[in-house]
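Chemist: So the sequence shown is numbered by the numbering used here: it starts at 1123 and just counts up by one.
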Amino acid sequence: VMLPAFTVLIPLFVIAKQLSLLNTWTALVLAYTGLGMPFVVWIMHGYFQTLPKDLEDAARIDGCSRFSAFLRIALPLSAPGLVATAIFTFLGAWDEFIFALVFTSTYAAKTLPVALAEFQGRFTIDWGLMTSGGVLASLPPVLVALLLQRYLVTGLTSGGVKA
């Protein structure tokens, strides 16, 4: 069952407060991991189903355990799917706003989207700072996508067609 992220916001806030994790990146990492995991499992499950079962069977015949066959055969073959999924998960966490806004209040723990939102005052908006901050905030995702573009395209296209 998929639930909107807002349904877990208050319980996660209470847990983070009880564990003294507010205003730390640890709370955000745990929240983003928990929210991103269903997407990762869903995408990678479909991707692993496209891998030929015969390769795993051949590795098992050659003496590999199931785990060893996974590490030596399935994991290297799934690199494009892993990279594509990692990019999408990273972008989802990078652009997330509401959890970072609720879990952080100090400048040391704020994420870029929350810091950019603070350039908007009650009666004015500092457009220069907001624009330059937006450009700087968009650089890491763009660089990651450019560096891993080959894996991204391969991962998106290979898992899309069932044999």
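Glycine included, each C-beta is placed from N, C-alpha and C at the ideal position.
Kindly identify the DSSP beta-bridge partner or partners of Gln1242.
Modeler: Ile1247
Chemist: DSSP three-state label for Thr1172, please.
Modeler: helix
Chemist: Whose CA, out of Ser1227, Pro1235, Ala1206, lies closest to the CA of Leu1268?
Modeler: Ala1206
Chemist: Excluding five sequence neighbours on each side, which residues of the same chain lie with their C-beta closer than 6 Å to the C-beta of Trp1216?
Modeler: Pro1263.
Chemist: Using alpha carbons as the reference points, say which of Ala1191, Ser1200, Phe1128 lies closest to Ile1165.
Modeler: For the residues Ala1191, Ser1200, Phe1128, the minimum Cα distance to Ile1165 belongs to Ser1200.
Chemist: Is it a yes or a no for the region 1208-1225 touching the region 1127-1137, going by three-plus beta-carbon pairs under 8 Å?
Modeler: yes
Chemist: DSSP state of Lys1232, grouped into three classes?
Modeler: coil
Chemist: Counting only the same chain and skipping the five closest in sequence on each side, list residues whose C-beta sits under 7 Å from that of Leu1143.
Modeler: Ala1149
Chemist: Figure out for me which residue from Gly1255, Ile1247, Gly1250 has the closest Cα to the Cα of Thr1233.
Modeler: Gly1255
Chemist: Taking 9 Å as the cut-off, decide whether the C-beta atoms of Arg1182 and Ala1196 are in contact.
Modeler: no
Chemist: Alpha carbons only, please: which of Ala1127, Leu1238, Gln1140, Val1236 is nearest the one belonging to Tyr1154?
Modeler: Ala1127
Chemist: Trp1147 and Ala1231 look like a contact to me (Cβ under 8 Å); what is the Cβ gap, rounded to whole Å?
Modeler: 6 Å
Chemist: Rounded to a whole number of angstroms, what is the C-alpha to C-alpha distance between Ala1180 and Thr1172?
Modeler: Each residue's alpha carbon lies about 17 Å from the other.
Chemist: Going by C-alpha distance, which of Phe1170, Trp1249, Arg1194 is nearest Pro1202?
Modeler: Phe1170
Chemist: In this structure, how does DSSP classify Leu1265 when only helix, strand and coil are distinguished?
Modeler: helix
Chemist: Look at the alpha carbon of Met1252 and the alpha carbon of Leu1213, and state the distance between them as a whole number of angstroms.
Modeler: 20 Å
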